[in-house]
Amino acid sequence: MSNPGILFDESLLNLIDFQNKDIVPIVDECDRCTKVGFLPEVEASYLGLLIHVMDLTSLNSTDNRKTIEALVDKALNFTKETLKPDIESMASNHSCEIYNYFTTSTLTPQTVCVSSVRVADAIQRINSQNDHIDIASVAGGFPMGQVPLSCRITEVEYAISQGAAEIDIVIDRGLANIGDFKRLYHDLRSIKSVCVNGDVTLKTILSVTELDSYHTLYKVAMTAMMAGSDFIKTSTGMNYKCKIT
Numbered sequence: 116m117s118n119p120g121i122l123f124d125e126s127l128l129n130l131i132d133f134q135n136k137d138i139v140p141i142v143d144e145c146d147r148c149t150k151v152g153f154l155p156e157v158e159a160s161y162l163g164l165l166i167h168v169m170d171l172t173s174l175n176s177t178d179n180r181k182t183i184e185a186l187v188d189k190a191l192n193f194t195k196e197t198l199k200p201d202i203e204s205m206a207s208n209h210s211c212e213i214y215n216y217f218t219t220s221t222l223t224p225q226t227v228c229v230s231s232v233r234v235a236d237a238i239q240r241i242n243s244q245n246d247h248i249d250i251a252s253v254a255g256g257f258p259m260g261q262v263p264l265s266c267r268i269t270e271v272e273y274a275i276s277q278g279a280a281e282i283d284i285v286i287d288r289g290l291a292n293i294g295d296f297k298r299l300y301h302d303l304r305s306i307k308s309v310c311v312n313g314d315v316t317l318k319t320i321l322s323v324t325e326l327d328s329y330h331t332l333y334k335v336a337m338t339a340m341m342a343g344s345d346f347i348k349t350s351t352g353m354n355y356k357c358k359i360t
């Protein structure tokens, strides 16, 4: 279900009731959880679940038709070939709801994510395989987000015209760090309107390592949701130097 968004409401940005000291223990616990392994008897099933919610991505400057075709083939076949036998072998020894789910699942990633100029290559490969997986496209001046809004919209429109089912954009962190959330809302809302017209999902990436505080992070997240982002993501994975202390 798409997020229709709401009118910009600055009062929602001021409902902050936390300090940095409240956040740090939560971050540490999340980090600890990422290092906890699975029980051997259910490991394959949970790995399948993780794959099922991921975007298999290639955003290299050297991408071409052949590399995108290989990416699509991997999305459609790799997990089926490597995890399916392990999941099926659990059936005789273990009762697991996750196992029951994956016996009928497609065992494919949620999307294949590519640059806007490579969307057509991905779509053509999927059609040639008589299969289906949604194509996500980074667009709108990814990964910096600092290009004129008209140019961002043009790239989003282009990606959608090529067949993208999801658009992944990155916010302008410069606007966020000077507190211009109203303009940030306007930019995101303008891009959302293009996605609505094309019945396309909008993912907004906050690039949290480049924001100057947890309070700014909260306000950016609220602004993105008010503007109609269907879901938000922490990072592009292309910046590792965190400004928040």
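Numbering-wise, the sequence shown is residues 116 to 360 according to this note's numbering.
No residue lacks a Cβ here, since even glycine has one placed at the ideal position from N, Cα and C.
Can you say whether S133 is buried or exposed, counting buried as having 16 or more other CB atoms within 10 angstroms of its CB?
Checking the sequence shown, residue 133 turns out to be Phe, not Ser. Exposed, by the Cβ-count rule.
Do I347 and V315 count as a contact pair if the criterion is CB distance below 7 Å?
Cβ distance not < 7 Å, so V315 and I347 don't count as in contact.
Please classify A251: does DSSP put it in a helix, a strand, or coil?
Note: A251 maps to strand in three-state DSSP.
At 4 residues or longer, what runs of the alpha helix (DSSP H) sit wholly inside the segment 230 to 278?
234 to 243 and 264 to 276
Going by the CB atoms, is the gap between T349 and Y300 shorter than 7 Å?
no
Roughly how many whole angstroms lie between the Cα atoms of V323 and M259?
13 Å
Assumed close pair P224, L264 - CB separation to whole angstroms, cut-off 8 Å
Not really, about 31 Å apart at Cβ, beyond 8 Å.
Taking the alpha-carbon positions, what's the Y329 to Q277 distance?
37 Å
Is it true that the segment 178 to 195 meets the segment 224 to 234, where meeting means three or more beta-carbon pairs spaced less than 8 Å apart?
yes
Counting along the chain, where does the alpha helix (DSSP H) carrying V315 start and finish?
Unbroken run through V315: none, as it is neither H nor E.
Between D236 and S252, what straight-line distance do the alpha-carbon atoms span, to the nearest angstrom?
12 Å
For T101, which of V168, L165 and V234 has the nearest alpha-carbon?
Residue coverage of the chain in this structure runs from 116 to 360, which leaves residue 101 outside it and unanswerable.
Proximity of F238 and V271 at Cβ, strictly below 7 Å:
What sits at residue 238 in the sequence shown is Ile, not Phe. Against a cut-off of 7 Å, the Cβ pair of V271 and I238 comes out as no contact.
I need the straight-line Cα distance from E144 to L164, nearest angstrom please.
21 Å
Within its chain, find whatever has a CB closer than 7 Å to the CB of G120; leave out the 5 residues flanking it on each side and keep chain order.
R304, K307, M341, A342 and G343
Is the CB-CB distance between V309 and I248 below 7 Å?
no
In the DSSP assignment, the alpha helix (DSSP H) including F193 goes from what residue to what residue?
Counting along the chain, the alpha helix (DSSP H) containing F193 begins and ends at R180 to T197.
For K348, the first and last residue of its enclosing alpha helix (DSSP H)
No alpha helix (DSSP H) holds K348; the beta strand (DSSP E) holding it covers F346 to K348.
Identify which residue in L174, T149 and S173 has its Cα closest to the Cα of L162.
T149
Return the CA-CA distance between L130 and R147, expressed in angstroms with no decimal places.
29 Å
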